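Take the sequence shown: its letters are residues 12 to 395, numbered as in UniProt numbering.
Cβ atoms here follow ideal geometry from the backbone N, Cα and C, with glycine treated the same way.
This structure is a prediction, so every number in the text was calculated from the model and none was measured.
To start, the structure under review is shown below, and the notes come after it.
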Amino acid sequence: LNRRLAEFGTTIFAEMSALAARTGSINLGQGFPDTDGPEEIREAAVRALRDGRGNQYPPGPGVPELRTAVAAHQQRHYGLTYDPDTEVLVTAGATEAIAASLLALVEPGDEVVALEPYYDSYAACIAMAGGRRVPVTLRPHGGAFRLDLDELRAAVTDRTRLLLINTPHNPTGTVLTREELTAVAELAVERDLLVVTDEVYEHLVFDDAAHVPLATLPGMRERTVTISSSGKTFSFTGWKVGWVTAAPALVAAVRSAKQFLTYVSAGPFQYAVAEALNLPDSYFTALREDLRAKRDLLAAGLTEAGFEVFRPAGTYFVTTDIRPLGESDGFAFCRSLPERAGVVAIPNAVFYDHREEGAPFVRFAFCKQPETLREAGKRLAGLR
Ligand code: PMP
Ligand code: GLN
Numbered sequence: 012l013n014r015r016l017a018e019f020g021t022t023i024f025a026e027m028s029a030l031a032a033r034t035g036s037i038n039l040g041q042g043f044p045d046t047d048g049p050e051e052i053r054e055a056a057v058r059a060l061r062d063g064r065g066n067q068y069p070p071g072p073g074v075p076e077l078r079t080a081v082a083a084h085q086q087r088h089y090g091l092t093y094d095p096d097t098e099v100l101v102t103a104g105a106t107e108a109i110a111a112s113l114l115a116l117v118e119p120g121d122e123v124v125a126l127e128p129y130y131d132s133y134a135a136c137i138a139m140a141g142g143r144r145v146p147v148t149l150r151p152h153g154g155a156f157r158l159d160l161d162e163l164r165a166a167v168t169d170r171t172r173l174l175l176i177n178t179p180h181n182p183t184g185t186v187l188t189r190e191e192l193t194a195v196a197e198l199a200v201e202r203d204l205l206v207v208t209d210e211v212y213e214h215l216v217f218d219d220a221a222h223v224p225l226a227t228l229p230g231m232r233e234r235t236v237t238i239s240s241s242g243k244t245f246s247f248t249g250w251k252v253g254w255v256t257a258a259p260a261l262v263a264a265v266r267s268a269k270q271f272l273t274y275v276s277a278g279p280f281q282y283a284v285a286e287a288l289n290l291p292d293s294y295f296t297a298l299r300e301d302l303r304a305k306r307d308l309l310a311a312g313l314t315e316a317g318f319e320v321f322r323p324a325g326t327y328f329v330t331t332d333i334r335p336l337g338e339s340d341g342f343a344f345c346r347s348l349p350e351r352a353g354v355v356a357i358p359n360a361v362f363y364d365h366r367e368e369g370a371p372f373v374r375f376a377f378c379k380q381p382e383t384l385r386e387a388g389k390r391l392a393g394l395r
């Protein structure tokens, strides 16, 4: 293993899912729903397979039906206009979109400013691109993890190539506000930075939180690479269909990298995801409502069990502080939790460069059946 990757080891998700399987624990670690997405969309995939649509290499940028549907989705939900032919790229999940964007846009030695804690693939992809990550830490403030805009400004130097943003934010559940994003946008314009924004949880926002795509803010459309995926919005994490929307030159750059990573991605699923993106608004509302109820259920169980709960405004994760339980090391806690309580969770420290900042925080996924969440709450109550 080369020096760039040596520090990363095995992803925490693989480690923790294996631990869950080995111990028969309830797996609230890796974020994937235990209910598949809509029947009609699964049928659409079957139809595509049967009719021979996408069984051979689809076009490099993605099938036209899906590119058109992505553009229509951006228009319908956000009023953003993208040309399906030059401004949309289909990828193998958001994961490939992130990798291809960083490989295409970062020069060796460039600095990439990213919000910490960050989704684990960011650090590895920045490293593979030869870049240097500069984390800006979100810290608890008034019951949620917030971005310190002064710290963000201070993190930008003459070597900064791009800002890597994630909202709604995994693992904290923070949804950046319009005001915060406006400040990010102003900084990007002032310092002439590119922005890669991971918005895979765009439809998973609750209560009065609203997802604001960075590309909608003044000066941003031309400098922003927006990433999303069918995994979260349609509960098909195994399909690995994601996409990028950006100005033509940026899409062309990302495509240059993508063509040598996977060349193309899963043909028949692309047709099905095109249909999914065209589902009526009621689908998106129902998804949100279902997850809000699940959030409340798990948050209540965790609170009852003695955790401090940071109630997420978005995503399907809840971050907790384990210190009220008399614990302080999230790694040790998560490694012993299967044995002690039959539950698997993720230590947030894995998402930090500043490990000590993340030490007492632990993430639980709530995209699970209500009875599973109730049972997890019961088991965790036994920790006290
Ligand atoms: N970004 C974030 C913030 C995520 O949480 C995930 C999924 N865990 C991804 C990207 C990857 O998405 P995909 O499964 O579509 O590759
Ligand atoms: N995004 C999911 C999570 O944060 C996991 C994806 C993965 O296993 N790489 O849990």
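Of all the options Thr188, Leu126, Asn181 and Asp159, which has the alpha carbon lying nearest to the alpha carbon of Val206? Numbered from its first residue, the sequence shown carries residue 206 at position 195. Out of Thr188, Leu126, Asn181 and Asp159, Leu126 has the C-alpha closest to the C-alpha of Val206.
Bounding residues of the beta strand (DSSP E) (the contiguous stretch that carries Phe321): The residue labelled residue 321 in the question sits at position 310 within the sequence shown. Start and end: Glu319 to Phe321.
In terms of residue numbering, what span does the beta strand (DSSP E) encompassing Ala316 cover? Start at 1 with the first residue of the sequence shown, and residue 316 comes out as number 305. Note, Ala316: premise wrong, no beta strand (DSSP E); not H, not E.
Go to Phe271, then tell me how far its alpha helix (DSSP H) extends in each direction, as first and last residue. By one-based count along the sequence shown, residue 271 stands at place 260. From DSSP, the alpha helix (DSSP H) with Phe271 extends over Pro259 to Leu272.
Taking 7 angstroms as the cut-off, is the beta-carbon of Gly184 closer than that to any non-hydrogen atom of the ligand GLN? Here residue 184 corresponds to residue number 173 of the sequence shown, with the count starting at 1. No, Cβ of Gly184 sits at least 7 angstroms from all heavy atoms of the ligand GLN.
How would you call Ser267, buried or exposed, if buried means at least 16 neighbouring beta carbons within 10 angstroms? Stepping through the sequence shown from its first residue, residue 267 is reached at position 256. By the neighbour-count rule (16 or more Cβ atoms within 10 Å), Ser267 is not buried but exposed.
Taking Thr248 and Phe43 to be in contact with their CB atoms under 8 angstroms, please state how far apart those CB atoms are, rounded to whole angstroms. The residue you call residue 248 lines up with position 237 of the sequence shown. The residue you call residue 43 lines up with position 32 of the sequence shown. Indeed they touch by this definition, with Cβ atoms about 5 angstroms apart.
Going along the chain, which residues of its own chain have a beta-carbon closer than 8 angstroms to the beta-carbon of Thr188, five neighbours each way excluded? For the purposes of this step, residue 188 is taken as residue 177 along the sequence shown, with counting starting at 1. Result list for Thr188: Val223, in chain order.
Nearest-residue set for the ligand GLN, Cβ under 6 angstroms from any heavy atom: Thr22, Phe24, Gln41, Gly42 and Asn181
Cβ atoms of Phe344 and Pro358: under 8 angstroms apart, would you say? Here residue 358 corresponds to residue number 347 of the sequence shown, with the count starting at 1. Here residue 344 corresponds to residue number 333 of the sequence shown, with the count starting at 1. Yes, these two residues count as a Cβ contact at 8 angstroms.
Can you tell which of Asp121, Val186 and Val57 has its C-alpha closest to the C-alpha of Ala221? Here residue 221 refers to the residue found at position 210 of the sequence shown. Out of Asp121, Val186 and Val57, Val186 has the C-alpha closest to the C-alpha of Ala221.
Taking all protein chains shown into account, decide if Pro229 is buried (16 or more other Cβ within 10 angstroms of its Cβ) or exposed. To locate residue 229, count along the sequence shown from 1; it is residue 218. When all chains shown are included, Pro229 counts as exposed.
Measuring CB to CB, does residue 409 end up less than 8 angstroms from Pro335? The structure shown does not extend to residue 409, since the chain is modelled only from 12 to 395, so the question has no answer here.
Using only CA atoms, which one of Gly63, Ala32, His84 and Ala17 lies nearest to Ala287? Position 276 of the sequence shown, counted from the first residue, corresponds to residue 287. It is His84 whose Cα lies nearest to the Cα of Ala287.
Which word fits Gly369, buried or exposed, when buried means at least 16 other C-beta atoms lie within 10 angstroms of its C-beta? The count along the sequence shown starts at 1 and reaches residue 369 at position 358. Burial call: buried.
With hydrogens ignored, establish whether the beta-carbon of Lys251 is closer than 7 angstroms to any heavy atom of the ligand PMP. The residue given as residue 251 occupies position 240 in the sequence shown. Within the cutoff, so yes.
Mapping DSSP to helix, strand and coil, what is Leu175? For the purposes of this step, residue 175 is identified with residue 164 of the sequence shown, where counting begins at 1. Residue state, collapsed to three classes: strand.
Would you mind reading off the limits of the alpha helix (DSSP H) that contains Asp62? Along the sequence shown, one-based indexing puts residue 62 at 51. Glu50 to Asp62 is the extent of the alpha helix (DSSP H) around Asp62.
Using the rule of at least 16 other Cβ atoms within 10 Å of the residue's Cβ for burial, across every protein chain shown, is Gln281 buried or exposed? Counted from its first residue, the sequence shown places residue 281 at position 270. Under this definition Gln281 is a buried residue.
Are at least three pairs of beta-carbons, each pair with one atom in the stretch 192-200 and one in the stretch 172-179, less than 8 angstroms apart? yes
Among Ala17, Lys243 and Asp94, which one has its Cα closest to the Cα of Thr46? Mapped onto the sequence shown, residue 46 falls at position 35. Among Ala17, Lys243 and Asp94, the Cα nearest to that of Thr46 is on Lys243.
Could you round the C-beta distance between Ser36 and Pro349 to whole angstroms and report it? I think they count as a contact, below 8 angstroms. Working through the sequence shown from its first residue, we reach residue 36 at position 25. Working through the sequence shown from its first residue, we reach residue 349 at position 338. Correct: roughly 4 angstroms between the Cβ atoms.
Please classify Asn13 as buried or exposed, where buried requires at least 16 other C-beta atoms within 10 Å of its C-beta. In the sequence shown, counting from the first residue as 1, residue 13 sits at position 2. Classification for Asn13: exposed.
Asp209 CB to nearest heavy atom of the ligand PMP below 7 angstroms: Position 198 of the sequence shown, counting from 1, holds the residue named residue 209. Asp209 Cβ: within cutoff of the ligand PMP.
Could you work out which residue in Thr235, Glu76, Arg157 and Asp218 is closest to Ala199 when comparing CA atoms only? Residue mapping note: residue 199 aligns to position 188 of the sequence shown, counting from 1. The option with the nearest alpha carbon to Ala199 is Thr235.
Residue ranges of each alpha helix (DSSP H) within the stretch 127-164, 4 or longer: 131-139
Taking 7 angstroms as the line, does the beta carbon of Ala110 fall inside it for any heavy atom of the ligand PMP? Looking up residue 110 in the sequence shown gives position 99. No, since every heavy atom of the ligand PMP falls outside the 7 angstroms radius drawn around the Cβ of Ala110.
The ligand NAD heavy atom lying under 7 angstroms from the CB of Tyr130: Inclusion of the ligand NAD in the displayed structure is not the case, the ligand content consisting of the ligand PMP and the ligand GLN alone.
Considering only C-alpha positions, which residue in the set Arg170, Glu190 and Pro291 is nearest to Pro119? Start at 1 with the first residue of the sequence shown, and residue 119 comes out as number 108. Comparing Cα positions, the closest option is Arg170.
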